[in-house]
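Participant:
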């Protein structure tokens with residue numbers, strides 16, 4: 001075999017091995033933004049310049065959980081002890097909106113010159129990469145909320161074990177500058193029939209159930225969101241209308257909002273926001 005042919009084969013072999021190798025961690029540029037999305041394929045943080053969120057004053061009907069979440073987040077941002085938080089319950093009641101709004105509110109209230117609190121979103125399917133994420137940020141000067149929206153696990157999914165270890169387990173444990181917030185429609189993050197099946201089919205049913213529900217125990221705070229009353233729903237409508245200057249008589253506004261919720265078959269913060277978008281479009285207003 002000629003020297004040129006051997007060199008060519010070695011070059012191609014090296015190129016194949018480089019493609020097979022895991023990605024190199026990208027430099028962490030945390031000054032670019034306050035919110036990021038974790039990209040596990042590149043081991044990088046993608047900055048979000050325009051965050052999809054609403055002002056905290058517009059989130060109505062959840063005053064108690066709003067205050068609890070704000071206090072927990074403020075303590076963490078100030079360097080004190082705080083808990084991981086699971087926001088669970090009725091869909092459309094502002095769970096993820098509240099996390100993003102509280103993050104912005106805490107940074108607004110922070111003293112001038114202090115490091116802003118960072119919010120990093122990790123997608124449900126990337127939970128297995130949590131150790132790599134935390135390794136990239138644990139030695140920085142910032143404090144981080146790791147946020148997973150709509151977190152839940154199916155019957156054959158065992159990645160919840162990785163999350164358990166990342167939250168409150170393992171030798172190293174969770175870094176002091178990291179806290180984990182998650183939203184879910186399920187209080188125990190697992191399907192109810194999955195838990196019931198364990199009770200009826202497992203050799204040691206109590207141990208099997210404990211294994212499944214112990215994940216939610218890693219969250220020190222459980223904040224429940226429930227379906228809103230008509231009064232709360234109309235308060236949301238009034239808040240949006242005042243904030244965006246949507247001029248309409250209150251009686252007419254409420255009548256249209258109630259009709260809108262009837263066609264949807266539910267009342268929630270999401271339904272109120274969807275009605276507000278429709279109303280703004282009809283009035284020729286930009287939100």
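Numbering (full-length UniProt numbering), first residue to last: 1 to 287. For each residue, glycine too, the CB sits at the ideal point set by N, CA and C.
(1) In three-state DSSP terms, what is residue 39?
(2) Spatial neighbours of residue 102 within its chain, please: CB distance less than 8 Å, with the 5 preceding and 5 following residues excluded, ordered by chain position.
(3) Just curious, the beta strand (DSSP E) that residue 85 is in, first and last residue?
(4) Applying the criterion that 16 or more other CB atoms from any shown protein chain within 10 Å of the CB defines a buried residue, is residue 80 buried or exposed?
(5) If you drop the 5 nearest sequence neighbours on each side, which residues of the same chain put their C-beta closer than 8 Å to that of residue 260?
(6) Go ahead and pull the three-state DSSP assignment for residue 241.
(7) Indicate the three-state DSSP secondary structure (helix, strand or coil) for residue 279 in the structure shown.
(8) Which residue's Cα is closest to the Cα of residue 238: 258, 186 and 225?
(9) How would you label residue 4, buried or exposed, when you count the other beta carbons within 10 angstroms and need 16 or more for buried?
(10) Could you check whether residue 58 and residue 243 sit closer than 8 Å to each other, using their CB atoms as the reference points?
(11) Closest to residue 149 by C-alpha separation, out of 181, 89 and 13, would be which residue?
(12) Measuring straight from C-alpha to C-alpha, what distance separates residue 85 and residue 93?
(13) Which class does residue 47 belong to by DSSP, given the choice of helix, strand or coil?
(14) How big is the Cα-Cα spacing for residue 53 and residue 6?
(15) Quick test of the definition: if touching needs 3 or more C-beta pairs under 8 Å, does the stretch 221-233 touch the stretch 33-50?
Facilitator: Quick answer:
(1) Reading the chain shown from its first residue, position 39 is the one you call residue 39. Strand at residue 39.
(2) As a working mapping, residue 102 is identified with position 102 in the chain shown. Cβ within range, chain order: 56, 66, 69, 70 and 73.
(3) Locating residue 85 in the chain shown gives position 85, counting from the first residue. From DSSP, the beta strand (DSSP E) with residue 85 extends over 85-89.
(4) Translated into the one-based positions of the chain shown, residue 80 becomes position 80. Exposed: under 16 other Cβ atoms inside 10 Å.
(5) Numbered from its first residue, the chain shown carries residue 260 at position 260. Once the five neighbours on either side are set aside, the close Cβ partners of residue 260 are 271, 274, 275 and 278.
(6) If you number the chain shown from 1, residue 241 lands on position 241. Residue 241 falls in the helix class under three-state DSSP.
(7) Numbered from 1 along the chain shown, position 279 holds the residue referred to as residue 279. Helix, per DSSP.
(8) For the purposes of this step, residue 238 is identified with residue 238 of the chain shown, where counting begins at 1. Considering only alpha carbons, the answer is 258.
(9) As a working note, residue 4 is residue 4 in the chain shown. It counts as exposed.
(10) By 1-based counting over the chain shown, the position of residue 243 is 243. By 1-based counting over the chain shown, the position of residue 58 is 58. In contact: residue 243 and residue 58 (Cβ atoms closer than 8 Å).
(11) The residue labelled residue 149 in the question sits at position 149 within the chain shown. The shortest C-alpha separation from residue 149 is found at 181.
(12) Taking the chain shown and counting its residues from 1, one reaches residue 85 at position 85. Taking the chain shown and counting its residues from 1, one reaches residue 93 at position 93. Those two C-alpha atoms are separated by around 16 Å.
(13) The residue given as residue 47 occupies position 47 in the chain shown. Of the three classes helix, strand and coil, the one that applies to residue 47 here is strand, per DSSP.
(14) On the chain shown, residue 53 is found 53 positions in, with the first residue counted as 1. On the chain shown, residue 6 is found 6 positions in, with the first residue counted as 1. In a straight line, the C-alpha of residue 53 is about 58 Å away from that of residue 6.
(15) no
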